[in-house]
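Undergrad: Residue numbers (this note's numbering): 1 to 158. Virtual Cβ for every residue (Gly too), placed ideally from N, Cα, C.
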C-alpha cells in the first residue's frame, strides 16, 4: 500500500476492511497441542485420536472452526484444498481477487511440495516471498507439523 502511494490513514481503512476476508485453512499432525492449549476439549481429542481422524481447521475472525476431517496426511492436504475450493465456489468469490499464502511447520520439503499442489489444484500463483514456515508462537498451539494456506482479499479489489 505504501508503494502504491496510500497514506497511513488510507492503509488502515483498507486493512480494517480486509480483516474479515482473511481465512486460514489448515491441518495438524496431532491434536495434542490444540488440546493442551485449550483450543479443543480432551474428549474430542481422545475420540478423534482413537478413530485415527484429524480435522481440517478454519481460522476466521480469531475463531477456530471445523472444515472437514481426514485420516492420512495426503488426504488431509487434499481436503484442505477441496475446502478452499468449496469456500470460493459457495460464496461466489473470484480467486483472482485474493492472495494465497502457504504455511508449514517443521517439514520444509512438505511445505514446498504443498505449494506446488496449491498452485496446480487451485489454479493460483503463489508469491514465493509470502510462503513461510510457521513460527514458534503458532506452533505452541499447532505442534510441529501444521500445514495449510491463508487467503486474504487483495486490497486493490475492495
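Compute the distance between the beta-carbons of residue 27 and residue 80, then report whether it is under 8 Å.
TA: For residue 27 and residue 80, yes; Cβs fall inside 8 Å.
Undergrad: Hey, how far is the Cα of residue 38 from the Cα of residue 5?
TA: Their backbone Cα atoms lie some 43 Å apart in a straight line.
Undergrad: I need the DSSP call for residue 99, collapsed to helix, strand or coil.
TA: Strand.
Undergrad: What residue range does the alpha helix (DSSP H) around residue 89 cover?
TA: Unbroken alpha helix (DSSP H) run through residue 89: 73–90.
Undergrad: Using the Cα positions of residue 84 and residue 25, report the straight-line distance between them to the nearest angstrom.
TA: Going from the Cα of residue 84 to the Cα of residue 25 covers about 7 Å.
Undergrad: Could you check whether the stretch 129–138 touches the stretch 56–76, counting it as contact only if at least three pairs of C-beta atoms, one from each stretch, sit closer than 8 Å?
TA: Too few Cβ pairs lie closer than 8 Å, so no.
Undergrad: Closest to residue 113 by CA distance: which of 34, 74 and 15 is it?
TA: Nearest C-alpha to residue 113: 74.
Undergrad: For the stretch 2–38, which segments carrying the beta strand (DSSP E) assignment without a break, of at least 3 residues, lie completely within its bounds, in sequence order?
TA: Fully enclosed beta strand (DSSP E) runs of 3 or longer: 23–27.
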